[in-house]
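Numbering (the working numbering), first residue to last: 33 to 287. The beta-carbon is built from N, C-alpha and C at its ideal position, and this holds for glycine as well. Written below as structure tokens is the structure these notes are about.
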């Protein structure tokens, strides 16, 4: 048994895969190769804190499939992050890339930490230490990182700088989601939230639903949820009656 096989999130991803594998009649001998990741990396990150103490955090990176090209996937900072969850997210990234004919395999990574409990100095230290540990395993032609829950373009800038210093020259392509000033893409920050809305609009069209007669509640009001809520309300014409994040939920039937 692998170190992530008993994780409920990874089990769910495997169950989903088995359903589709049955439907596509994928040979049993090929299923494990497609289901289990190529590489799973766990690292320990000792970090000097502002109060003079040293705390140790757990970091992960899972590269699921490299057949189509270098792996690609976000890096999340979340207190509950585990190797199993990371492996599941990497698997889902592989399927998303394959379904869209993108020349990438799936990857995911992160640190088991609550970034809201860190000072800016501590967050930078965690970010740079994580990238330092990942340098032997990532690269523009191997594994490309991006932002995810709990990380942003500033964290990507620290990743990029740490990797570039180690290489001795600027390697901007090691991460996506970095600031525009460092070679990032205009609209990247809003892209995921807009993608959610495009799918909702497509579903409403298929179901022949009038957007102005629909209501929505958005769970999560970070980089994705906030953009999705604003786009639904002001572009699609859907009445957003509720929003929530990790701390509070708001509801107004009038929108």
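### Query
DSSP on residue 243, reduced to helix/strand/coil?
helix
#### Entry: Short Cβ contact (7 Å threshold) for residue 244 with residue 225
no
### Message
Going by DSSP in three states, residue 223 sits in which element: helix, strand or coil?
### Response
helix
### Query
When the Cα atoms are used, what is the spatial distance from residue 65 to residue 119?
14 Å
### Message
My assumption, with CB atoms under 8 Å, is that residue 179 sits in contact with residue 188. Please give the rounded CB distance.
### Response
6 Å
### Query
In three-state DSSP terms, what is residue 169?
coil
### Query
Do the region 128-146 and the region 95-106 make contact, defined as three or more Cβ pairs closer than 8 Å?
yes
### Query
First and last residue of the alpha helix (DSSP H) that includes residue 149?
Premise fails: residue 149 is in no alpha helix (DSSP H) and is neither H nor E.
### Task
Report the three-state DSSP secondary structure of residue 283 (helix, strand or coil).
strand
### Query
So does the region 205-213 actually touch the region 234-251, counting three or more Cβ pairs closer than 8 Å?
no
### Message
Short of 7 Å in beta carbon distance, which residues of its chain neighbour residue 146, apart from the five on each side in sequence? Order them along the chain.
### Response
111
### Task
Report back the beta-carbon spacing between residue 90 and residue 72 to the nearest angstrom; my notes put them in contact at under 8 Å.
About 13 Å; that fails the 8 Å criterion.
### Query
Who are residue 95's beta bridge partners in DSSP?
When DSSP reads this structure, residue 95 sits in a beta bridge with 71, 139.
### Task
Check whether the region 52-70 touches the region 117-133, counting contact only when three or more Cβ pairs, one atom from each stretch, lie closer than 8 Å.
yes
### Query
Which partner residues does residue 109 have in the DSSP bridge list?
143
#### Entry: Sequence-distant residues of the same chain with beta carbon closer than 6 Å to residue 285, five excluded per side
Excluding the 5 residues flanking it on each side, residue 285 has same chain C-beta neighbours closer than 6 Å at 273, in chain order.
### Message
Less than 7 Å between C-beta atoms, sequence neighbours within five positions excluded: which residues of the same chain meet that for residue 70?
### Response
95, 96, 97, 98
### Query
Shortest alpha-carbon distance to residue 218 belongs to which of 233, 56, 190, 185?
185
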